[in-house]
Every structure is written in C-alpha cells, then in structure tokens.
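Have a look at the structure below, then the notes.
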C-alpha cells in the first residue's frame with residue numbers, strides 16, 4: 386500500500402522529469418548536433434528530482450551548483466588534461482568553491498558529481514558540456530513553470546496531519562482533566578510538544594507551493610487557496626504553542642488527582658471546533674460553522690464566572706484557554722481585533 390501511495394504521489398513529478406529530460410536531450414542532440422548530450426539530461430533530472438520541494442528557487446540553486454562543477458572541470462580539463470591528479474584537483478576545487486558559494490551541502494554535492502562526469506567522460510570539443518548543462522538547466526526551469534507539480538493537494542495533506550495530531554493531543558489533555566490523571570496529562574503534553582514538526586512541514590509546503598504558483602500560469606487559481614492556508618497555518622502555529630501552555634498547566638493541576646470536568650468540557654469544545662476548521666479546508670461552507678462554535682466557547686471564557694469557587698490554578702487554566710480561543714477564531718477567518726473582542730474582559 387505504501388508503495389502504491391508513493392507511486393501515486395510521484396506520478397506528476399515523474400511525468401515532469403521525463404518530459405523535461407527528453408526535451409533537453411532532443412534539443413542538445415538534434416538541434417545543436419551534440420553526439421552524446423549526457424549532461425543535458427542528467428542536469429535536468431538532478432535539478433527536478435522527486436522531492437516535494439520543487440520550488441523554482443531550489444531548482445535554480447541546484448542548477449547553478451551543477452553548472453559551477455561543469456565549468457570548473459571543463460576549465461581544468463582544457464588546461465591540464467585528464468588523469469588521476471587532475472580529477473582530484475577538479476573535485477577538490479569544485480567542492481571548495483561550492484561550499485564558499487552556498488551553505489547547502491546538496492549544492493556542493495551536485496557540483497562535485499557533475500565535475501566528476503566531465504573529468505571522466507570524454508568530449509569531442511572543449512566546453513561542449515557547458516552548453517549541454519545549460520540546456521538541461523533551462524529545461525528544468527521551464528518544466529517547473531509549464532508542467533508544475535500541483536502543490537495544493539500535498540499542502541492540504543500536511544494541514545490535515547497537523548489538525549489530526551492537534552485533536553489527539555488536545556483530547557488527551559482534556560481526558561486527563563476529566564479524570565485528574567497526571568500520567569495522561571504528561572502524555573498529552575508530549576503529544577503537544579510534537580506538533581511543531583507538523584506545523585513546520587505544513588508551512589514549508591505552503592511556501593514551496595506558493596513559489597511554484599507565482600510563476601506557473603496554470604496554478605493561478607491555487608494562489609488564493611494557498612494564501613488562505615498560510616493564514617490558517619500562522620494562527621495554528623500560535624494555537625499549538627498555547628496548547629502546550631495549557632498542557633503544562635494541566636500536568637501541574639493533576640498532581641492532586643482531582644477531576645475537573647468543566648475544564649475538560651471547555652477544552653474539548655475548543656478541540657472539536659478546531660476539527661471544523663480542518664474540515665473547512667475541503668469545504669469552505671463549514672468555516673462559518675467553525676466560527677460560530679468557537680465564538681460560543683469564547684464568550685464563556687471569563688475565569689471569574691466559569692471557575693467561580695475553584696482554585697487559583699483552575700482559574701489560571703481557563704485564562705490560558707483564552708489565547709487558544711483567539712488563535713482558533715483567527716484561523717477560522719475572524720479578524721484578529723474581533724476575535725480578541727469576543728473574549729470577556731477580565
């Protein structure tokens with residue numbers, strides 16, 4: 386099943402690579418008359434790759450790295466000829482220059498591989514492979530714009546993964562409150578701490594997808610949806626941080642083993658409303674429902690009222706839920722000022 390899923394997710398990248406590499410080879414071989422345009426194809430394949438992050442900037446950086454390796458090797462080959470020491474000199478110089486130009490280790494490795502190909506494979510004319518590499522670079526950049534990898538599906542998949550883990554972490558903390566269970570509260574805190582990697586993956590996918598959509602004429606309609614997810618992701622980043630604050634307070638509160646069903650119910654309502662935001666990513670008509678559900682909870686978050694007669698620690702717990710409610714309201718599309726105004730003044 387995993388193999389089929391990987392294949393399904395890689396179908397468009399495979400098509401993109403095949404079309405671009407074949408086009409680069411055809412141009413170099415048939416249009417320019419190069420007998421063995423190896424680098425035209427390899428530069429294209431290496432630049433695009435099967436990685437999810439196929440933003441134009443990343444492709445361009447990889448292309449530049451490979452061209453640096455080709456140019457250095459061609460220059461040394463022209464001056465010093467072939468041999469073991471020439472190969473070692475070309476490889477060392479390429480790695481040194483590449484590390485100076487870029488902090489990315491992949492940049493240096495891409496340059497080194499192309500340098501080795503130039504030094505080992507014979508060529509009929511000097512600097513012919515620079516032209517081939519340039520053809521491959523242009524083909525890769527054109528493919529990024531003209532045969533784009535639709536980013537919205539993978540971005541939404543990352544969003545659903547975050548919301549699912551957010552729901553599990555929040556539900557675990559709520560159950561700990563309901564039972565006065567410190568061990569369960571600690572598990573909820575651990576889960577909440579693990580949410581940051583999900584947030585980073587989602588925001589990285591949005592950044593990559595937005596970069597592709599900006600240059601591709603075929604992805605104009607996705608720009609608005611990606612911008613909307615960016616807004617949600619920024620606020621969910623804050624929401625996950627506030628959930629960690631709440632989880633830490635719950636761990637402390639559960640030391641006495643006392644059940645706090647009111648706090649559990651309120652937190653559970655916030656988590657359930659967050660799940661509606663998740664559903665709205667696939668059906669925008671659900672977003673008003675999420676706003677209404679969150680607003681109903683937010684209007685009750687006055688610690689002096691909802692936790693009347695309880696300990697200061699319990700009141701502080703409800704106070705900690707207030708920023709979480711504001712972040713979720715903003716994620717659901719409520720303006721920040723209006724979201725803050727919906728919380729009762731203390």
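In my numbering, the protein residues as written are 386 to 731. Think of the CB as a built atom: it goes at the ideal place given N, C-alpha and C, for glycine as much as any other residue. No experiment lies behind these values; they were computed from the predicted model shown.
The distance from the Cβ of residue 658 to that of residue 713 is about 6 Å, consistent with a contact at the 8 Å cut-off. Counting C-beta pairs with one atom in each stretch, the segment 521-529 and the segment 485-498 have fewer than three that are closer than 8 Å, which means they do not touch.
Fewer than three beta-carbon pairs drawn from the segment 676-688 and the segment 584-599 are found closer than 8 Å, and the two stretches are therefore not classed as touching.
If you check the CB distance, residue 586 and residue 543 come in under 8 Å. Counted as a single uninterrupted DSSP element, the alpha helix (DSSP H) harbouring residue 607 occupies residues 605-638. Counting only the Cα atoms, residue 608 lies some 34 Å from residue 453. Residue 407 and residue 631 have their C-alpha atoms spaced approximately 55 Å apart. When secondary structure is reduced to three states using DSSP, residue 719 falls in the coil class, being assigned neither helix nor strand.
Closest in alpha carbon position to residue 625, among 706, 444, 729, is 706. Runs of the alpha helix (DSSP H) spanning 4 or more residues and lying entirely within the segment 506-548 occur at 513-531, in chain order. Residue 455 is classed as buried because its beta carbon has at least 16 other beta carbons within 10 Å across all chains shown.
Of the residues 646, 683, 731, the one whose Cα lies closest to the Cα of residue 689 is 731. With 16 or more neighbouring CB atoms inside 10 Å of its own CB, residue 727 falls in the buried class. Inclusion of residue 419 and residue 426 in the CB contact set at 8 Å is not warranted, their separation being larger than that value. By the Cβ-count criterion, residue 643 is exposed, with fewer than 16 other Cβ atoms from all chains shown falling within 10 Å of its own Cβ.
Contact check for residue 672 against residue 718 passes: the beta carbons are separated by less than 8 Å. Across the structure, residue 555 and residue 604 are spaced so that their CA atoms are roughly 35 Å apart. Across the structure, residue 478 and residue 428 are spaced so that their CA atoms are roughly 20 Å apart.
For the pair residue 553 and residue 457, the Cα-to-Cα distance works out to about 53 Å. Between residue 433 and residue 460, the CB-CB gap reaches or exceeds 8 Å. Taking the Cα positions, residue 681 is about 15 Å away from residue 647. The shortest C-alpha to C-alpha distance from residue 559 to any of 415, 496, 645, 615 is the one to 645. Within a 10 Å sphere around the beta-carbon of residue 534 sit 16 or more other beta-carbons, which makes this residue buried.
Residue 424 sits buried, since 16 or more C-beta atoms from the chains shown fall within 10 Å of its C-beta.
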